[in-house]
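Colleague: To start, I am sharing the structure in question, which I have written as structure tokens.
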Amino acid sequence: MLLGDENPANFALTLLGFLYWGGTLWLMSLRYDIGFLGGGQLARMSIQAGQRAGLKCLSLDPSLESPASQIAPSIRGELKDVEKIAEVLRACDHVTLENEFILVDDIQKACELAKVPEKIIVPGLHSLHLIQDKLRQRIAMMKAGVPSPNAVELSGDGEQAIAEIGFPMVLKVRFGGYDGKGTYYAKTLEDLMKLKPTWSQGGWLAEQFVPFKREIAVMVYADSDSVGCFPTMETVQTDHVCDLVFPAGVDASAVAIAAVEAIDGKGLYGVEMFELSDGSFQINEIAPRPHNTGHYTLDWGGVSQFEQHVRLVMGWPTVPPHGRETCMANLLGKLPSGNHVQAIQDAISVPEVFFHWYGKIDAKAGRKMGHLNAVGTDSVKRAIQAREHFYRAWTTV
Ligand SMILES: Nc1ncnc2c1ncn2[C@@H]1O[C@H](COP(=O)(O)OP(=O)(O)OP(=O)(O)O)[C@@H](O)[C@H]1O
Ligand SMILES: [Mg+2]
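Structure representation (structure tokens):
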């Protein structure tokens with residue numbers, strides 16, 4: 001339709017369209033220090049760290065109201081849209097990711113389209129290629145002799161899995177799983193066959209069930225000449241979602257570093273592990289980005305995982321991480337719930353508790369809405385107490 005159209009609704013729509021495209025073109029004409037593929041809470045908290053140093057940041061996300069877009073310029077677009085990724089690559093000196101789901105092939109196509117070298121992207125694409133397929137990731141661990149559950153592709157009638165893995169076995173979708181979505185247990189052959197309609201479509205692996213004592217995690221950072229890590233944390237999962245994170249009292253750095261070296265990692269990696277009853281560790285999975293189990297570093301007094309991430313992306317020196325005992329508790333969406341601002345006061349009435357909210361528009365049940373950190377002695381007890389205060393006030397509407 002043309003501007004002369006007499007229908008006021010059409011005219012308003014056209015005007016909005018012009019404003020949107022005008023705005024997008026204007027954004028693209030600016031230069032940014034860091035571009036984020038994804039605009040969720042991990043991008044938001046990384047941007048906050050970058051902004052402290054005056055860095056200009058841009059994010060790409062399908063939603064115009066994403067956590068990152070509320071604090072910095074953003075482009076609206078699907079993360080699998082190669083043209084949109086290329087827009088970010090063209091506009092930014094450095095680019096990083098918020099999740100491991102964008103296919104390396106698409107990122108490489110976008111680099112060609114934007115005529116920028118792959119090296120402006122941190123984490124290294126080779127490590128992303130190995131991580132984003134959980135089977136490829138397992139094979140990389142096995143090849144490097146890093147302890148992790150044995151895994152095979154699930155195909156045909158599952159003969160190979162039955163022979164090499166046996167029962168109980170864990171079934172996982174190779175690409176795109178998160179928060180336990182895409183993870184199933186088969187205790188018996190019957191269970192495996194019941195799940196067949198799901199896995200027989202292809203793209204699934206079967207791996208050994210690990211009878212772990214607890215789950216732990218370590219954030220590892222690596223640049224071209226050094227590698228180091230944050231402390232080993234225990235992570236308590238509820239319904240497959242990370243619930244509490246606190247110091248584990250053991251040191252799993254050697255295995256975590258070996259896992260990141262096995263994928264030739266460059267950047268920041270969250271390494272999820274199992275601790276067995278004999279005190280040994282096995283790798284569960286690696287995330288090539290800041291991780292929920294590293295959120296405690298925002299308040300522990302040392303360098304935060306987000307600051308370290310920004311430094312790695314910018315090619316700046318990293319900081320050896322040290323800080324105080326801290327426990328992080330996730331704040332998950334509840335229905336019904338009210339205005340979180342009124343509930344903050346109740347949460348932080350517990351001493352040395354710090355509150356973080358991601359600005360998500362919709363508090364869907366179980367969605368990660370924010371987190372709080374309790375710093376110092378008895379951190380776990382105080383984090384739980386503060387969260388109870390918060391939920392009580394927030395859900396009393
Ligand atoms: N081999 C295994 N043996 C026993 N339990 C397992 C195994 N693999 C996964 N689990 C359990 O399932 C959970 C989810 O698995 P995994 O971490 O691979 O999936 P995810 O959906 O990518 O996870 P998330 O996004 O929550 O980190 C683990 O945290 C662990 O509790
Ligand atoms: Mg996991």
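Residue 1 is where the sequence shown starts when you use our numbering, and the numbers rise one by one after that.
Ideal placement from N, C-alpha and C gives every residue a C-beta, glycine not left out.
Does LEU60 come out as helix, strand or coil in the three-state DSSP assignment?
Modeller: Translated into positions along the sequence shown, residue 60 becomes position 60. DSSP places LEU60 in strand when its eight states are reduced to three.
Colleague: Out of curiosity, what's the CA-to-CA distance linking TYR391 and GLY294?
Modeller: The sequence position of residue 391 within the sequence shown is 391, counting from 1. The sequence position of residue 294 within the sequence shown is 294, counting from 1. Their Cα atoms are separated by approximately 22 Å.
Colleague: Could you name the residues that DSSP lists as bridge partners for PHE274?
Modeller: On the sequence shown, position 274 is the one that residue 274 refers to. GLU215 and GLN282.
Colleague: Are there any heavy atoms of ligand 2 lying less than 7 Å away from the beta-carbon of ASN330, as far as the coordinates show?
Modeller: Taking the first residue of the sequence shown as 1, we reach residue 330 at position 330. No, Cβ of ASN330 sits at least 7 Å from all heavy atoms of ligand 2.
Colleague: CB of PRO149 to nearest heavy atom of ligand 1: below 7 Å?
Modeller: Position 149 of the sequence shown, counted from the start, is the residue given in the question as residue 149. The answer is yes for PRO149.
Colleague: Are VAL218 and VAL271 closer than 8 Å when you measure CB to CB?
Modeller: Here residue 218 refers to the residue found at position 218 when the sequence shown is read from its first residue. Here residue 271 refers to the residue found at position 271 when the sequence shown is read from its first residue. Yes. Within cutoff.
Colleague: Is ILE121 helix, strand or coil by DSSP?
Modeller: Translated into the one-based positions of the sequence shown, residue 121 becomes position 121. The answer is strand: DSSP assigns ILE121 an E or B state.
Colleague: May I have all residues whose beta carbon comes closer than 7 Å to any heavy atom of ligand 2, sorted in chain order?
Modeller: GLU272, ASN284 and GLU285
Colleague: Considering only residues of the region 295-344, which uninterrupted alpha helix (DSSP H) runs meet the minimum length of 4 residues and lie entirely inside it, listed in chain order?
Modeller: 305-314
Colleague: DSSP on SER74, reduced to helix/strand/coil?
Modeller: By 1-based counting over the sequence shown, the position of residue 74 is 74. Strand.
Colleague: May I have the straight-line CA-CA distance separating LYS364 from PRO336, to the nearest angstrom?
Modeller: If you number the sequence shown from 1, residue 364 lands on position 364. If you number the sequence shown from 1, residue 336 lands on position 336. When the Cα atoms are used, LYS364 and PRO336 turn out to be separated by approximately 9 Å.
Colleague: Below 8 Å, can you find three or more Cβ-Cβ pairs linking the region 353-361 to the region 55-68?
Modeller: yes
Colleague: How about ARG174 and ASP223: do their beta carbons lie closer than 8 Å?
Modeller: Looking up residue 174 in the sequence shown gives position 174. Looking up residue 223 in the sequence shown gives position 223. By the CB criterion at 8 Å, ARG174 and ASP223 fall outside the cutoff.
Colleague: Can you name, in chain order, every residue of its own chain whose Cβ lies under 7 Å from the Cβ of ILE344, other than the five neighbours on each side?
Modeller: Residue mapping note: residue 344 aligns to position 344 of the sequence shown, counting from 1. The answer, listed in chain order, is PHE355.
Colleague: Are at least three pairs of beta-carbons, each pair with one atom in the region 228-237 and one in the region 79-88, less than 8 Å apart?
Modeller: no
Colleague: Verify the contact flag: VAL95, CB atom, against every heavy atom of ligand 1, threshold strictly below 7 Å.
Modeller: Position 95 of the sequence shown, counting from 1, holds the residue named residue 95. Not so, every heavy atom of ligand 1 lies at least 7 Å from the Cβ.
Colleague: Within 10 angstroms of the Cβ of GLY4, are there 16 or more other Cβ atoms? Answer buried if so, exposed if not.
Modeller: For this step, residue 4 is matched to residue 4 along the sequence shown. Its pLDDT being 43, under 50, GLY4 is placed unreliably by the model, and nothing is read from it.
Colleague: Is the distance from the Cβ of LEU37 to the Cβ of GLU98 below 8 Å?
Modeller: Residue mapping note: residue 37 aligns to position 37 of the sequence shown, counting from 1. Residue mapping note: residue 98 aligns to position 98 of the sequence shown, counting from 1. Yes.
Colleague: For the pair the region 277-297 and the region 192-204, tell me if three or more CB-CB distances fall below 8 Å.
Modeller: no
Colleague: On the three-pair Cβ rule with 8 Å, is the region 158-175 touching the region 204-218?
Modeller: yes
Colleague: Taking the straight line between their C-alpha atoms, what separation do you get for MET1 and PRO73?
Modeller: Position 1 of the sequence shown, counted from the first residue, corresponds to residue 1. Position 73 of the sequence shown, counted from the first residue, corresponds to residue 73. Because the pLDDT at MET1 is just 36, under 50, the model does not fix this residue reliably, and the point stays unresolved.
Colleague: Taking 8 Å as the threshold (C-beta atoms), are GLY39 and ALA68 in contact?
Modeller: By one-based count along the sequence shown, residue 68 stands at place 68. By one-based count along the sequence shown, residue 39 stands at place 39. Cβ distance < 8 Å, so ALA68 and GLY39 count as in contact.
Colleague: Tell me the DSSP secondary structure of ASN150 in three-state form.
Modeller: As a working note, residue 150 is residue 150 in the sequence shown. It is coil, neither helix nor strand.
Colleague: Rounded to whole angstroms, what is the Cα-Cα separation between THR326 and VAL319?
Modeller: By one-based count along the sequence shown, residue 326 stands at place 326. By one-based count along the sequence shown, residue 319 stands at place 319. For THR326 and VAL319, the gap between their C-alpha atoms comes out near 19 Å.
Colleague: With contact counted as at least three CB pairs below 8 Å, one residue from each stretch, are the region 258-265 and the region 301-317 in contact?
Modeller: no
Colleague: Do you know whose CA, among LEU30, ARG31 and ILE71, lies nearest ILE47's CA?
Modeller: For the purposes of this step, residue 47 is identified with residue 47 of the sequence shown, where counting begins at 1. That would be ILE71, whose Cα lies nearest to the Cα of ILE47.
Colleague: Give me the Cα-Cα distance between GLY249 and VAL236, rounded to the nearest whole angstrom.
Modeller: Counted from its first residue, the sequence shown places residue 249 at position 249. Counted from its first residue, the sequence shown places residue 236 at position 236. Answer to the nearest angstrom: the Cα atoms are 14 Å apart.
Colleague: Am I right that ILE75 and LEU103 are in contact with their C-beta atoms under 8 Å? What's the rounded C-beta distance?
Modeller: Reading the sequence shown from its first residue, position 75 is the one you call residue 75. Reading the sequence shown from its first residue, position 103 is the one you call residue 103. The C-beta distance from ILE75 to LEU103 rounds to 19 Å, too long to meet the 8 Å contact threshold.
Colleague: Just the C-alpha distance for GLU78 and HIS322, rounded to the nearest angstrom, thanks.
Modeller: For the purposes of this step, residue 78 is taken as residue 78 along the sequence shown, with counting starting at 1. For the purposes of this step, residue 322 is taken as residue 322 along the sequence shown, with counting starting at 1. Straight-line Cα distance between these residues: approximately 38 Å.
Colleague: Can you check whether the CB of PRO288 is closer than 8 Å to the CB of SER127?
Modeller: Here the question's residue 127 lines up with position 127 in the sequence shown. Here the question's residue 288 lines up with position 288 in the sequence shown. In contact: SER127 and PRO288 (Cβ atoms closer than 8 Å).
Colleague: What are the boundary residues of the alpha helix (DSSP H) that includes THR198?
Modeller: Position 198 of the sequence shown, counting from 1, holds the residue named residue 198. For THR198, the enclosing alpha helix (DSSP H) covers residues 196-199.
Colleague: Output the distance between the C-alpha atoms of ALA383 and GLY50, rounded to the nearest integer angstrom.
Modeller: If you number the sequence shown from 1, residue 383 lands on position 383. If you number the sequence shown from 1, residue 50 lands on position 50. Cα-Cα distance, rounded: 27 Å.
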